[in-house]
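S.K.: As you go down the protein sequences, you meet chains A and B in turn. Heads up: the first sequence begins at 64 in the numbering used here, then just goes up one per residue. Heads up: the second sequence begins at 23 in the numbering used here, then just goes up one per residue.
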Amino acid sequence: MDGIDLAVPTGSFFGFLGPNGAGKSTTIKCLTGLLRPSSGTMRILGLDPLADAVAVKRRIGVVPEDLALFDRLTALETLTFVAEVHGLDRTIARDRATDLLQLMDLESAGSTLVTDFSHGMRKKLSLAAALLPAPRLLFLDEPFEGIDAVASRQIKDLLQSFVARGGTIFLTSHILEIVERLSTHIGVIAGGRLVAQGPIEELRAGASGASSLEELFITLVGGDTRAPVALDWI
Amino acid sequence: MLRILRAFAWMRWRVLMNSLERTGARDTVERLSLAIEQIGPIIALALLLPSAIGLAGLGTYAGYWLPGPDRVVVFDALRVLLLIASGFCVLGPLLMPSMERTNTVRLLLLPIPRRTLYVAHAASAFGDPWVLLAVAAVTGVSAGLLLAGAVVAAALALLAGASIVMALVGLTTLCASLLHLVFRDRRRGELLALIFILVVPILGLLPSVMGPQSQTREERRAERQARAERRARGEESRNERGIRIALRAYGFLPSELYVRTTREAAHGEHRTAVASLAGLGLSAGILHAFGILSFSGLLRSPGSSARRQAARTTWFDRGRIPGVSRATMAVARAQLCLTLRTPRGRSMLLSPLLVFGMFAILLRRNAGVFDAGFATLSNGLGLATVSAGTCLLAILPFAVNQFAIDRTGLTLVLLSPLGRRELLVGKAIANGVLVSASTLFCAAASWMLLPGGHPALWINLLLAVAATYALAAPGVAALSAVFPRPVDLNSIGRGSNAHGAANLLGLLLFAAASVPSILVTLVATGLLRRPVLAPILMLGWFGICWLSSGVLFEAAALVFDRRRENLGLQR
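Quick look at the structure:
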């Protein structure tokens, strides 16, 4: 990554977009402390994630691309682990865990080992683990990938109410319809460089009135300049 | 079909080369760590060609002298080699998952007839070193016979060589398919893995345990005489009958059939040689027939299955150690769950108990004395000491790979508001709990089975184990950070082992950490001749170790911090 000058307003639903291999997940890894950038500065909720790593982690929730779960813990144990490392009151933690498992439709799988979960179930559990400590900022790397329509709808509603209550979401997704529906702001990265950021409407207007986010995105990443490949042999 | 086989061979070659060339290492330390891991396979690969040439040479020598009247010792050696190769054909797919050759789901997606798939699957066995070496040896024997002028014998030996190689390939294919069929059900696979991990190391001790109790010279002489008398009367004991049947069955092994065919052909007994060759061809055919059956079974239902596994969760947020934070305890509990819910982890707890059981039986059978040659075990305290050492060493594969075993769980840990010290101490507590549980059990059981010895020395032993562990724990944490190895804890062989360098250095670390405890015990019991002083001195040493580990954990935490990116990205 090079020259990423990103500002995510507090209380916004920020969609971070880019083609495959553009650096979206790497940006999230840097912001959440999994990677140390070679240069530059970062501030998250007013804190330096390199100097105050633990303080920052108390305030954020993350659904990383590899889902970050212990294979040999059950769903309930995973949530208990998160509650314990965040020092949550045990009664509160238990109530929250029950609510989250219900929301994610994982109640019946509460005592099942994660290793027996499908990809979608893992994704939901990872999201539940990120939400459990009631963070002020959520980093979600492709959170809707592999999730069924019913849960997806519920999660979208939940995320919108999270933002309505003052929370901030930093989300990457390849499903542009979802980003368009949920996000207030977007940032677009291509080839490791930030090519645009700001409120969706402003960017659309700037791109000579692109009719959809898809059109805007393709224009920004230079997809429209690529020569079409005709596979006549198909 | 040839084009498909060539494509498979090319694919396997590229996979091998890419695994050696493109490591994806992020920095010098990771490159070094990966290079050490690859030294073994690279050396094996480098030695393969000269070994094959050497074996072909030995085979030629054996073949050249085989028609003569004298016994050819080199040929006997090749016979053993072929037997060992047969053993490897069975164990190879089990112990070396890296050599896994069947991803049936992927294969089924290709437009290849199932018959061709089986041939491609079987052909991959030709890449196994033991099969390649067997090919070199049997080719050499035929060449030697030809040089000696025994043309017919050379032709028969060549056919026998081709048949034994086909038998080895069939055996490998059959075992690999069966293994996949068994492991397709995760629960069944885990059980089998646990049994295998526990049983294999114990096999070496079985003859001593199952063998006769120690006898006097007179008793042994009387038994020999009785055996001779029975033989003279034409009777045989159940053991002797068993051995006779086993030897007859042994004669039908493909390696033995090859030896018989070649030897008979070399001595001009062509008719019997052809019969033996037919037997060898038949055994190869049977192996492939069963191989095709099991492979077809695999292709019919290639997906893995397992009943969802539920686990008790009542204890997960309970239990505290005074002075230890909730976050640290959570890390310790997660590590304990990982240990208690994987075959490799369970074996850490069970294998010391099994070793203890074996030694306990030996001691009971031999009136409290077991002479191992280099040392003599003569009482319960000795048994407890040996068991305690086993308990410490049993945790090594987990302790020296304590971060990588978490796999994606480590990312969850790294994203959590945990101090690096909390993480390291949490892991050390979990491993300490495992060592303590197994050590306390073994010590208590030893005391109950063979009481005796000064009570102070029993307490001294427990303190010595605690001191050794406290001193070594930060070191093994640092080794885990420098030499991580992503592992599959359900795997039986190499797949669940820690990094070779970490294992070796961890072993040395534990050995070095135990030296002061041994010296303290020797000073109290040998120099001062006051066993009662041993636990008092050891308590002092434990205090020093405890304080030192506090400082050493800080150093280990620094090492961990330097390696956290690499650890977080390693899968």
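Every residue, glycine too, gets a C-beta built ideally from N, C-alpha and C.
Could you please give the first and the last residue of the uninterrupted beta strand (DSSP E) stretch that includes residue 126 of chain A?
M.R.: First-last of the beta strand (DSSP E) with residue 126 of chain A: 123-126.
S.K.: Counting only Cβ pairs nearer than 7 angstroms, list the residues of chain B close to residue 201 of chain A.
M.R.: Ordered by position in chain B, no residue passes the 7 angstroms Cβ test against residue 201 of chain A, which lies about 12 angstroms from the chain.
S.K.: Using beta-carbon positions only, say whether residue 129 of chain A and residue 177 of chain A come within less than 8 angstroms of one another.
M.R.: Not in contact: residue 129 of chain A and residue 177 of chain A (Cβ atoms no closer than 8 angstroms).
S.K.: For chain A, check one thing: does any of its Cβ atoms lie closer than 8 angstroms to the Cβ of residue 99 of chain B?
M.R.: Answer no: the Cβ-Cβ gap between residue 99 of chain B and chain A never drops below 8 angstroms.
S.K.: Go ahead and label residue 531 of chain B buried or exposed: buried means 16 or more other beta carbons lie within 10 angstroms of its beta carbon, across all protein chains shown.
M.R.: Per the 10 Å Cβ criterion, buried.
S.K.: Can a CB atom of chain A be found closer than 8 angstroms to the CB of residue 364 of chain B?
M.R.: At least one chain A Cβ lies under 8 angstroms of residue 364 of chain B.
S.K.: Are there three or more Cβ pairs, one per stretch, closer than 8 angstroms when the region 502-512 of chain B is compared with the region 362-372 of chain B?
M.R.: Yes: the two stretches touch, three or more of their Cβ pairs being nearer than 8 angstroms.
S.K.: What do you get for residue 581 of chain B, buried or exposed, if any count of 16 or more other CB atoms within 10 angstroms of its CB means buried?
M.R.: Residue 581 of chain B is buried by the Cβ-count criterion.
S.K.: Can you pull the chain B neighbours of residue 99 of chain A, defined as C-beta to C-beta under 7 angstroms?
M.R.: 587, listed in chain order.
S.K.: Whose Cβ in chain B lies nearer than 9 angstroms to the Cβ of residue 135 of chain A?
M.R.: Residues of chain B passing the Cβ test: 333, 356, 359, 360, 361, 362, 363, 364, 367, 431 and 511.
S.K.: Return the first residue and the last residue of the alpha helix (DSSP H) that residue 63 of chain B is part of.
M.R.: Here the alpha helix (DSSP H) through residue 63 of chain B covers 50-87.
S.K.: Taking 8 angstroms as the CB-CB cut-off, is residue 478 of chain B touching chain A?
M.R.: Output row for residue 478 of chain B: interface = no.
S.K.: Under 8 angstroms, Cβ to Cβ, is there at least one residue of chain B near residue 69 of chain A?
M.R.: For residue 69 of chain A, the answer is no, since every Cβ of chain B falls outside 8 angstroms of its Cβ.
S.K.: Are there three or more Cβ pairs, one per stretch, closer than 8 angstroms when the region 554-562 of chain B is compared with the region 448-456 of chain B?
M.R.: Contact fails: fewer than three Cβ-Cβ distances are below 8 angstroms.
S.K.: Compare the Cα-Cα distances from residue 185 of chain B to each of B/350, B/157, B/169 and B/205 and report the closest residue.
M.R.: Comparing Cα positions, the closest option is B/157.
S.K.: For residue 175 of chain B, count neighbouring Cβ atoms within 10 angstroms of its own Cβ and tell me buried if that reaches 16, exposed if not.
M.R.: Buried: at least 16 other Cβ atoms inside 10 Å.
S.K.: Are the CB atoms of residue 479 of chain B and residue 538 of chain B within a distance shorter than 8 angstroms?
M.R.: No, they are not a contact pair.
S.K.: Inspect the CB distances between the region 255-274 of chain A and the region 226-241 of chain A and report whether three or more fall short of 8 angstroms.
M.R.: The region 255-274 of chain A is not in contact with the region 226-241 of chain A.
S.K.: Who are the Cβ neighbours of residue 446 of chain B in its own chain at under 8 angstroms, not counting the five residues just before and after it?
M.R.: Same-chain partners within the cutoff: 496, 499, 575, 578, 579 and 582.
S.K.: In chain order, what residues of the same chain have a beta carbon less than 7 angstroms from the beta carbon of residue 52 of chain B, not counting five sequence neighbours either side?
M.R.: Correct list, in chain order: 588.
S.K.: Which residues of chain B have a Cβ atom closer than 8 angstroms to the Cβ of residue 109 of chain A, listed in chain order?
M.R.: Here the premise fails: no neighbours, minimum Cβ distance about 16 angstroms.
S.K.: Where residue 372 of chain B and residue 437 of chain B are concerned, what is the direct C-alpha to C-alpha distance, given to the nearest angstrom?
M.R.: For residue 372 of chain B and residue 437 of chain B, the distance between alpha carbons rounds to 33 angstroms.
S.K.: What are the boundary residues of the alpha helix (DSSP H) that residue 352 of chain B is part of?
M.R.: Element bounds for residue 352 of chain B: 348-362.
S.K.: Are there 16 or more other CB atoms within 10 angstroms of the CB of residue 221 of chain B, so buried, or fewer, so exposed?
M.R.: So residue 221 of chain B ends up on the exposed side.
S.K.: Helix, strand or coil for residue 424 of chain B, going by three-state DSSP, please let me know.
M.R.: Residue state, collapsed to three classes: coil.
S.K.: Rounded to the nearest angstrom, how far is the Cβ of residue 90 of chain A from that of residue 67 of chain A, given a contact under 8 angstroms?
M.R.: The Cβ separation is near 6 angstroms, so the contact holds.
S.K.: Decide if residue 273 of chain B is buried, meaning its Cβ has at least 16 other Cβ atoms within 10 Å, or exposed.
M.R.: Looking at its Cβ environment, which holds fewer than 16 other Cβ atoms inside 10 Å, residue 273 of chain B is exposed.
S.K.: Just verifying my parser: in three-state terms, what is the DSSP assignment at residue 207 of chain A?
M.R.: The answer is coil: DSSP assigns residue 207 of chain A none of H, G, I, E or B.
S.K.: Who are the near neighbours of residue 214 of chain B in its chain, counting only those whose CB is closer than 7 angstroms to its CB and skipping five residues on each side?
M.R.: Around residue 214 of chain B: 204.
S.K.: Could you pull the DSSP bridge partners for residue 233 of chain A from this structure?
M.R.: DSSP output for residue 233 of chain A lists A/77 and A/202 as bridge partner(s).
S.K.: Let's see if you can read the secondary structure: which residues bound the alpha helix (DSSP H) around residue 379 of chain B?
M.R.: Note, residue 379 of chain B: alpha helix (DSSP H), 365-387.
S.K.: At a CB-CB cut-off below 8 angstroms, which residues of chain A make contact with residue 441 of chain B?
M.R.: Within 8 angstroms Cβ-Cβ: 117.
S.K.: Name the one or two DSSP bridge partners that residue 392 of chain B has.
M.R.: According to DSSP, which records beta bridges pairwise, residue 392 of chain B is partnered with B/399.
S.K.: Between the Cα of residue 129 of chain B and the Cα atoms of B/318, B/43, B/312 and B/275, which residue gives the shortest distance?
M.R.: Of the listed residues, the one whose Cα sits closest to residue 129 of chain B is B/318.
S.K.: Taking a Cβ distance cut-off of 7 angstroms, strictly less, list which residues of the region 149-162 of chain A are near chain B, in chain order.
M.R.: Result list: 149, 150 and 153.
S.K.: Answer yes if the region 381-390 of chain B comes into contact with the region 426-443 of chain B, meaning at least three C-beta pairs across the two stretches below 8 angstroms, and no otherwise.
M.R.: Short answer: they don't touch.
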